[in-house]
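Numbering (mature numbering (1 follows the signal peptide of the UniProt record, and there is no 0)), first residue to last: -21 to -1, 1 to 143.
Built from N, CA and C at the ideal position, the CB exists for glycine as well.
Now the structure itself:
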């Protein structure tokens, strides 16, 4: 599991440069991700996503380097679905690997600085985060590369929506 956390953090860190270029980007005080076992689609997903909360918090924080502080916005994410599917299930439309959650952004010091949105990322969106040469027709959906790609994609989408 350590490898998954490290891979997610490294992928997230690789995407921090665009965020650093935003001079007026809001400061972030906290990041909190919650996933309940009811949100997991099956036993395999429950075992696979067991450290999702920590890994996603780490990946988001890695993209917000220079923007984390004692004051600012609180990011709270309630993951409401995580599911695994292999390439063939996705190809025939019977299932797809997804991560979905509701993101709440709250700034207790500035009532106008808030946002709530639903966010879903799919395996198709995570493909650019996979190592070059990854063959998605043979890589198992439970691989570290798939996990890191999905986490990094969700983290990038959260930061993009906050900054957008």
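Which value, in whole angstroms, describes the spacing of the CA atoms of residue i and residue j?
i, j, result
"residue 25", "residue 111", "28 Å"
"residue 82", "residue 124", "24 Å"
"residue 1", "residue 84", "With a pLDDT of 48 at residue 1, under the threshold of 50, the predicted position of this residue should be treated as unreliable, though the coordinate-derived value follows. Computed Cα separation, rounded: 18 Å."
"residue 49", "residue 117", "45 Å"
"residue 94", "residue 137", "11 Å"
"residue 7", "residue 139", "14 Å"
"residue 90", "residue 119", "45 Å"
"residue 131", "residue 22", "23 Å"
"residue 61", "residue 44", "27 Å"
"residue 108", "residue 133", "11 Å"
"residue 126", "residue 92", "32 Å"
"residue 9", "residue 143", "19 Å"
Where does residue i land, buried or exposed, given buried means 16+ other C-beta within 10 angstroms?
i, result
"residue 40", "buried"
"residue 31", "buried"
"residue 63", "buried"
"residue 128", "buried"
"residue 99", "exposed"
"residue 38", "buried"
"residue 103", "exposed"
Using alpha carbons as the reference points, say which of the options lies closest to residue i.
i, options, result
"residue 121", "94, 77, 93, 137", "77"
"residue 135", "51, 35, 88, 60", "35"
"residue 96", "127, 9, 59", "59"
"residue 55", "43, 101, 80", "80"
"residue 12", "86, 88, 53", "53"
"residue 75", "92, 101, 88", "101"
"residue 4", "51, 33, 29", "51"
| task | Jot down the residue ranges of each uninterrupted beta strand (DSSP E) in the segment 64 to 129, minimum 3 residues, whole runs only, in chain order. | result | With a minimum length of 3 residues, the unbroken runs of beta strand (DSSP E) contained wholly in the segment 64 to 129 fall at 77 to 85, 94 to 101.
| request: Would you mind listing the alpha helix (DSSP H) stretches within the segment 21 to 53 that are 4+ residues and don't spill past its ends, in chain order? | output: Segments of the alpha helix (DSSP H) lying fully in the segment 21 to 53: 22 to 27, 31 to 42.
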